[in-house]
Amino acid sequence: MHLQWHGVMFLSLLAVGCLGNTPAKINKQKTASTVHTSAGQQAMLKCFYDGIPRPQAIWMREGKQLLECKNCVTHIDNTKHGVTTLRVTPYRESDYGDYICKVRNENGFDSVTITLVEQPAVMSQCNKDLVLGADPRLRLEFRPRCDPNGAYHRVQCSIHLDKCWCVDTETGHKIADAYKADGGMHCNAPKDFSISAAVVISMAALLLVVAMDMVAFVCCKRGLVHSIVKYKEKRSVYGKWILAHLNFYGSFATCPLGIMGG
């Protein structure tokens, strides 16, 4: 009995020793090879593994190890045993693509590639700008404000609310300055409206003056048109008189051909 008990203990210790010598290995059946998400939406890339002792898990991207940082779009969760999770919130095209999960312990290592694929989302231009503006890697002074229907809100303000302006609700382009009054911020007339209005008013005034001058010329023989006509008539008379005198005196300056020849 005593020898039998020692034999059982020996086999138990041997089994424990074998179990403690398991290499790190990724369960590729449980680990998804592709994950789909749209811009601004967080995706969870899960990498399932086992091994004794507990393997160390890391994530790689374009040959570099991903680390935690304040302004990163990736965050790593290694709190649960047997699985490492990479949370990715993509904003740019370069945020999509291949992410590599690697596990290692003293007995071996393994790796797998998980591809993040962009899932197109139907949204307005304002909402697209709003999503892209949430990228933590950017330091923006302005993020657009959208109406419930997806259009740009008429009044846009900087993040610190120290400046506001008015925009075209379809394009988001600035069209006027905003001013503070009762009930909040309001819009002035578009910048180019005053210029175009001044041009139209000036042209209308000029046409009115020309019309009144024509009436004065036809009915009263007065006005600017009348003066121009009289000036041209006088100029024509004086021109004929000068031309006649030039021809008269020019006849005395003509030399006979015989004298010219010597």
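Mapped onto mature numbering (1 follows the signal peptide of the UniProt record, and there is no 0), the consecutive letters of the sequence shown carry residue numbers -20 to -1, 1 to 242.
Note that beta-carbon positions come from the ideal geometry of N, C-alpha and C, so glycine has one too.
Would you tell me roughly how many angstroms separate the C-alpha atoms of residue 139 and residue 125, rounded to the nearest one?
10 Å
Give the single residue among 150, 79, 151, 119 whose Cα lies nearest to the Cα of residue 11.
79
Can you give me the Cβ contacts of residue 107 inside the same chain, cut-off strictly under 8 Å, excluding the 5 residues immediately before and after it?
126, 130
Residue 43 classed as buried or exposed, judged by whether at least 16 other C-beta atoms fall within 10 angstroms
exposed
Please state the DSSP three-state secondary structure of residue 52.
coil
Return yes when the Cβ of residue 54 is within less than 9 Å of the Cβ of residue 72, no when it is not.
no
Bounding residues of the alpha helix (DSSP H) (the contiguous stretch that carries residue 109)
105 to 112
Endpoints, beta strand (DSSP E) assigned at residue 95:
88 to 98
Can you have a look at residue 97 and say buried or exposed, based on whether 16 or more other CB atoms are within 10 angstroms of its CB?
Residue 97 should be labelled exposed.
Quick one: grab the DSSP three-state call for residue 190.
helix
Supposed contact pair residue 16 and residue 99 - C-beta distance, whole angstroms, cut 8 Å
4 Å
Among all the DSSP beta bridges, which residues are the ones paired with residue 102?
Beta-bridge partners of residue 102 (DSSP): none assigned.
Go to residue 85, then tell me how far its beta strand (DSSP E) extends in each direction, as first and last residue.
77 to 85
Alpha carbon to alpha carbon, how far is residue 109 from residue 89? Give it in angstroms, no decimals.
One alpha carbon belongs to residue 89, the other to residue 109, and they sit about 43 Å apart.
Which of the three DSSP states is assigned to residue 32 in this structure?
strand
Nearest-angstrom Cβ-Cβ length linking residue 56 and residue 27, presumed shorter than 8 Å:
The pair is not a contact, with the Cβ atoms about 10 Å apart (cut-off 8 Å).
Which residue wins for smallest C-alpha separation from residue 161, given the options 123, 144, 148, 121?
144
Neighbour flag for residue 100 against chain D, beta carbons, 9 Å
Considering every chain present, this structure includes no chain D. It has just one protein chain.
Report buried or exposed for residue 60, applying the criterion of at least 16 other Cβ atoms within 10 angstroms of its Cβ.
exposed
Using the rule of at least 16 other Cβ atoms within 10 Å of the residue's Cβ for burial, across every protein chain shown, is residue 75 buried or exposed?
buried
Delimiting residues of the beta strand (DSSP E) encompassing residue 19
That residue, residue 19, is in no beta strand (DSSP E); it is neither H nor E in DSSP.
Does the separation of the CB atoms of residue 185 and residue 168 fall below 9 Å?
Between residue 185 and residue 168, the C-beta gap is not smaller than 9 Å, which leaves the two residues out of contact.
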